[in-house]
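S.K.:
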Amino acid sequence: MFPKPIEKQPRAAQITYQAMLPLALLLWLGPLLAVALFSVKPAADFTNANYWGMPSSFEGAFNYGQVFFNSDMPRYLLNSFMITVPTVIGAVALSCMTGFALGIYKFKSNLWIFFMFVAGNFVPFQILMVPVRDLTLELGLYNTKTGLVLFHIAFQTGFCTLFMRNFIRALPFELIEAARVEGISEWRIFWYVVLPLMKPAIAALSVLIFTFIWNDYFWAVVLTQGAESQPVTAGITSFNAQFRAAYQLMSAGSIVAALPPVAMFFLMQKHFIAGLTLGAVK
Amino acid sequence: MTAAVDAPDQESWFHRNQQRLAPWFFLAPGLLFFLVYVIIPVFQSFNLSLYEWDGLGAAEYVGFRHYEDLYWEWVDRDAFYTSLKNNLIWLLLYLLAIPAGLFIALFLNQTVWGIRLYKSLFFFPFVISQVVVGLVFTWFYDPTFGLLNEFLGVFGLGPLNVLGDERFVTYGIIFAGLWPQTAYCMILYLTGLNAVDPEQIEAGRLDGAKGAKMLWHIILPQLRPATFIAFVVTIIGALRSFDLISIMTQGGPFGSSRVLAYYMFEVALSEYGFRMGYGAAIAVILFLIMLCFIAYFLWSMYREEKGH
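Residue numbers (our numbering), protein chains in the order written: chain P, 208 to 489; chain U, 969 to 1276.
(1) Please return the same chain residues whose Cβ sits closer than 8 angstroms to the Cβ of M1258 (chain U), not counting the five positions on each side in sequence.
(2) Based on Cα-Cα distance, which residue from P:K315, P:L346 and P:Q273 lies nearest to G460 (chain P)?
(3) What in chain U is Cβ-close to T368 (chain P), meaning under 7 angstroms?
(4) The alpha helix (DSSP H) that contains D1273 (chain U), what's its start and end?
(5) By the DSSP assignment, the alpha helix (DSSP H) with I420 (chain P) in it spans what residues?
(6) Which chain P residues are close to E1273 (chain U), counting only those with a beta carbon under 8 angstroms from its beta carbon?
(7) From the DSSP output, in three-state form, read off E384 (chain P) for me.
(8) Between which two residues does the alpha helix (DSSP H) holding D1037 (chain U) run?
(9) Do the segment 1022-1030 of chain U and the segment 1248-1255 of chain U make contact, defined as three or more Cβ pairs closer than 8 angstroms?
(10) To the nearest angstrom, how far is the alpha carbon of A243 (chain P) from that of M1216 (chain U)?
(11) Please list the residues of the segment 391-416 of chain P that have a C-beta atom closer than 8 angstroms to any C-beta atom in chain U, keeping them in chain order.
(12) State whether the segment 1186-1199 of chain U contacts the segment 1132-1143 of chain U, with contact taken as three or more CB pairs (one from each stretch) at a distance under 8 angstroms.
(13) Taking three-plus beta-carbon pairs below 8 angstroms as touching, is the segment 1222-1234 of chain U in contact with the segment 1074-1083 of chain U?
(14) In whole angstroms, give me the CA-to-CA distance for A452 (chain P) and L1089 (chain U).
(15) Throw me the rounded Cβ distance for the L412 (chain P) and C367 (chain P) pair, which I believe falls under 8 angstroms.
(16) Got a sec: is the Cβ-Cβ distance from S302 (chain P) to anything in chain U below 8 angstroms?
(17) Ordered along the chain, which non-local residues of its own chain (more than five positions away) have a Cβ less than 7 angstroms from that of G1126 (chain U)?
(18) I'd like the list of long-range same chain contacts for L232 (chain P), defined as Cβ closer than 6 angstroms, with 5 residues on each side in sequence excluded.
(19) Whole angstroms are fine: how far does the CA of A481 (chain P) sit from the CA of A1073 (chain U)?
(20) Measure the CB-CB distance between T1202 (chain U) and I1066 (chain U) and report whether it falls below 8 angstroms.
(21) Assign K248 (chain P) to buried or exposed, taking buried as 16 or more other Cβ atoms, counted over all protein chains shown, within 10 Å of its Cβ.
(22) So, are the CB atoms of A464 (chain P) and T440 (chain P) less than 8 angstroms apart?
(23) My output table needs one value for G1241 (chain U): the three-state DSSP class, helix, strand or coil.
(24) Using 8 angstroms as the threshold, is the segment 978-989 of chain U in touch with the segment 294-302 of chain P, meaning 3 or more CB pairs across them?
(25) Taking A300 (chain P) as part of the alpha helix (DSSP H), name the residues at either end of that continuous run.
(26) Got a sec, what are the start and stop residues for the alpha helix (DSSP H) R376 (chain P) sits in?
(27) Where does A971 (chain U) land, buried or exposed, given buried means 16+ other C-beta within 10 angstroms?
(28) Could you tell me whether any Cβ in chain P is nearer than 8 angstroms to the Cβ of M1244 (chain U)?
(29) What does DSSP give as the partner residue(s) for E1020 (chain U) in the beta ladder?
(30) Measure the beta-carbon distance from F417 (chain P) to T291 (chain P) and round it to whole angstroms, keeping in mind my assumption that it falls under 8 angstroms.
(31) Suppose contacts are defined by Cβ-Cβ distances below 8 angstroms. Is L1115 (chain U) in contact with P210 (chain P) by that definition?
(32) Which of the three DSSP states is assigned to S1013 (chain U) in this structure?
(33) Taking C-alpha atoms, which residue in U:R1243, U:I1262, U:K1274 and U:S1268 lies nearest to Y1019 (chain U)?
(34) Please go through the same chain and pick out, in chain order, the residues whose beta-carbon is closer than 6 angstroms to the beta-carbon of V428 (chain P), but skip the five residues on each side of it.
(35) Should S980 (chain U) be flagged as near chain P, meaning a C-beta pair shorter than 8 angstroms?
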């Protein structure tokens, strides 16, 4: 293990390390803790310039109540879910198939198609912006959740294919050969042999795509406009306009908006990290 | 195998050819989506950059005029080169996330009580939307109550209006961006460090290597896959920077924090008018910059594939 395990260091080093850990964390999450503090302060604290002192009264319940019952925030949150969940399902489903095709079969254009997916996944969003917006307008899907979902599915398929294909490559190929010898059809091999083995990859991709899509801001701004279809990332700007200078509410709103992917991360940590490292760093 | 050879003509044509056809059936839906929404739009944007178009009326062919306008800055003074320069600053400074991430990973790569929770909490910033990161840092920099100025005040410095000052604004935003990006690189290295071969470390120790020497000669070579991914995601992240700029400054003050991605959006889709063709030309330039890196990444992957 590197660096040298702290247990094998002198006692003084151990104590220093143990003390530095929480300090470093406090420093690292400082800006975030500040927002958390803001979100439980009463409005009066901000007018009295009591920014960093203790809250003069604990108004967490009131502030968060405002966010949930007196703003468009619940609407935006619901929109975010209705955009994120179908995207996850769609992109994972499509990429299970593309990953299977590119990971199992040998055909001439295999590597080229694979590279196309990878390259497409890296392009800057702006080069897609005008044509995708036009296409969405033409389909009559501008300012709808469906329009956003369709694009997200398509774009995420690039990354998901990269991931799935590499994952399938690492599976024991003998399994598939054995199934073929048995005369099992290719579709059944996919469904009954490979898909069950892909569960960890599916889990990893799901949490990862959930976070990516939940946090998307650019496409939400380009393809949607009002509270009826905008996800929470785009909604929070109009939320902030509504509560201009009400820092306690803006903080509470931000925390609410950030929470679902955070919860997802803590619940599915192992899968999440496996996904981030693209399965390449094992 | 024998069964298939025995009765070839009793099987349907589809059955006989299924191994050749199957990949295309599996590819079809994903490929279709990807072509329609990603690959074809890239070419459409290239084409569009040769036209003058407001998004509604008829498009007028103007050849390379948009590129000339950008080159000479005939349309927006000090917009293109400022954006380009800022993109370069982003690209260079964003790479600091890699050593910073490595540093934190080394710091956290211990097995003391509660370390798992520490690792998760250090990773926290990456999971949060950039929109929220932007808001958090806007307040952090706020000249009247921001933590930064409270901190500077302790040393009798400031107040400093980071986001309102043309000299600091880009650096301020990049610093905010480094926060989640460092967390990402950290997690890559933490996973990488897990896989480092303990025998090699022991061998190194016996040879008297330790500290920086050990890190450089024994650990880092084994972390190459992690470094490669960190490099890829950081470069892409730097060139994609949009959310933070849009939230924190909207390109200001006086357009001094624009990058190409934001400039393009501003030109094509904001109150400054719907100059789609001009915007497409900016996007094409950004794409070409990105293409250099994409080509390099693909080349690395290709060598890896052939190596197997």
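Quick reminder that beta carbons are idealized off the backbone N, C-alpha and C, glycines included.
M.R.: Once the coordinates are examined:
(1) Working through the second sequence from its first residue, we reach residue 1258 (chain U) at position 290. Correct list, in chain order: I1204 and L1207.
(2) As a first step, residue 460 (chain P) is located in the first sequence; it is residue number 253 there, counting from the start. Cα-wise, what sits closest to G460 (chain P) is P:Q273.
(3) In the first sequence, the residue the question calls residue 368 (chain P) occupies position 161. Those are G998, listed as they occur along chain U.
(4) The residue you call residue 1273 (chain U) lines up with position 305 of the second sequence. Here the sequence assigns Glu to residue 1273 (chain U), which means Asp is not the residue at that position. For E1273 (chain U), the enclosing alpha helix (DSSP H) has its first and last residue at M1244 to G1275.
(5) Position 213 of the first sequence holds residue 420 (chain P). Counting along the chain, the alpha helix (DSSP H) containing I420 (chain P) begins and ends at K406 to W421.
(6) Residue 1273 (chain U) sits at position 305 when you count from the first residue of the second sequence. Within chain P, the residues near E1273 (chain U) are L318.
(7) Locating residue 384 (chain P) in the first sequence gives position 177, counting from the first residue. In this structure, E384 (chain P) counts as helix in the three-state DSSP scheme.
(8) By one-based count along the second sequence, residue 1037 (chain U) stands at place 69. For D1037 (chain U), the enclosing alpha helix (DSSP H) stretches over residues R1033 to W1040.
(9) no
(10) Here residue 243 (chain P) refers to the residue found at position 36 when the first sequence is read from its first residue. Here residue 1216 (chain U) refers to the residue found at position 248 when the second sequence is read from its first residue. Computed Cα separation, rounded: 19 angstroms.
(11) Listed by position along the chain: S392, E393, W394 and F397.
(12) no
(13) no
(14) The count along the first sequence starts at 1 and reaches residue 452 (chain P) at position 245. The count along the second sequence starts at 1 and reaches residue 1089 (chain U) at position 121. Computed Cα separation, rounded: 29 angstroms.
(15) One-based indexing of the first sequence puts residue 412 (chain P) at position 205. One-based indexing of the first sequence puts residue 367 (chain P) at position 160. Their Cβ separation, rounded to whole angstroms, is 5 angstroms, which keeps L412 (chain P) and C367 (chain P) in contact under 8 angstroms.
(16) As a position in the first sequence, residue 302 (chain P) is number 95, starting the count at 1. At a cut-off of 8 angstroms between beta-carbon atoms, S302 (chain P) makes contact with chain U.
(17) Numbered from its first residue, the second sequence carries residue 1126 (chain U) at position 158. Cβ within range, chain order: N1117 and L1120.
(18) Mapped onto the first sequence, residue 232 (chain P) falls at position 25. Closer than 6 angstroms at the Cβ level, and outside the excluded window around L232 (chain P), lies no residue.
(19) The residue labelled residue 1073 (chain U) in the question sits at position 105 within the second sequence. The residue labelled residue 481 (chain P) in the question sits at position 274 within the first sequence. A1073 (chain U) and A481 (chain P): Cα-Cα distance of roughly 16 angstroms.
(20) Along the second sequence, read from residue 1 onward, the residue named residue 1202 (chain U) stands at position 234. Along the second sequence, read from residue 1 onward, the residue named residue 1066 (chain U) stands at position 98. For the pair T1202 (chain U) and I1066 (chain U), the CB atoms are nearer than the 8 angstroms cut-off.
(21) In the first sequence, counting from the first residue as 1, residue 248 (chain P) sits at position 41. The residue is buried, with at least 16 neighbouring Cβ atoms inside 10 Å.
(22) Residue mapping note: residue 464 (chain P) aligns to position 257 of the first sequence, counting from 1. Residue mapping note: residue 440 (chain P) aligns to position 233 of the first sequence, counting from 1. Yes, the Cβ-Cβ distance between A464 (chain P) and T440 (chain P) is below 8 angstroms.
(23) What you label residue 1241 (chain U) is simply residue 273 of the second sequence in a count that begins at 1. Strand at G1241 (chain U).
(24) Here the segment 978-989 of chain U does not lie against the segment 294-302 of chain P, with fewer than 3 beta-carbon pairs under 8 angstroms apart.
(25) Taking the first sequence and counting its residues from 1, one reaches residue 300 (chain P) at position 93. Counted as a single uninterrupted DSSP element, the alpha helix (DSSP H) harbouring A300 (chain P) occupies residues M280 to I311.
(26) Counting from one through the first sequence, the residue named residue 376 (chain P) turns up at place 169. R376 (chain P) -> alpha helix (DSSP H) spans K352 to R376.
(27) Working through the second sequence from its first residue, we reach residue 971 (chain U) at position 3. With a pLDDT of only 45 at A971 (chain U), under 50, the local geometry of the prediction cannot be trusted, and the value read off the model is given with reservation. With fewer than 16 other Cβ atoms within 10 Å, it is exposed.
(28) Counted from its first residue, the second sequence places residue 1244 (chain U) at position 276. Answer yes: the Cβ-Cβ gap between M1244 (chain U) and chain P drops below 8 angstroms somewhere.
(29) Within the second sequence, the letter at position 52 stands for residue 1020 (chain U). Under the DSSP definition of a beta bridge, E1020 (chain U) partners with U:E1028.
(30) Along the first sequence, read from residue 1 onward, the residue named residue 417 (chain P) stands at position 210. Along the first sequence, read from residue 1 onward, the residue named residue 291 (chain P) stands at position 84. Confirmed, about 6 angstroms.
(31) If you number the second sequence from 1, residue 1115 (chain U) lands on position 147. If you number the first sequence from 1, residue 210 (chain P) lands on position 3. No; because the gap between Cβ atoms is not below 8 angstroms, this pair is not in contact.
(32) Start at 1 with the first residue of the second sequence, and residue 1013 (chain U) comes out as number 45. If DSSP states are grouped into helix, strand and coil, S1013 (chain U) belongs with the helices.
(33) For the purposes of this step, residue 1019 (chain U) is identified with residue 51 of the second sequence, where counting begins at 1. Here the closest residue by C-alpha is U:R1243.
(34) For this step, residue 428 (chain P) is matched to residue 221 along the first sequence. Only A441 meet the Cβ criterion.
(35) Within the second sequence, residue 980 (chain U) is the residue found at index 12, counting from 1. So no, S980 (chain U) is outside the interface.
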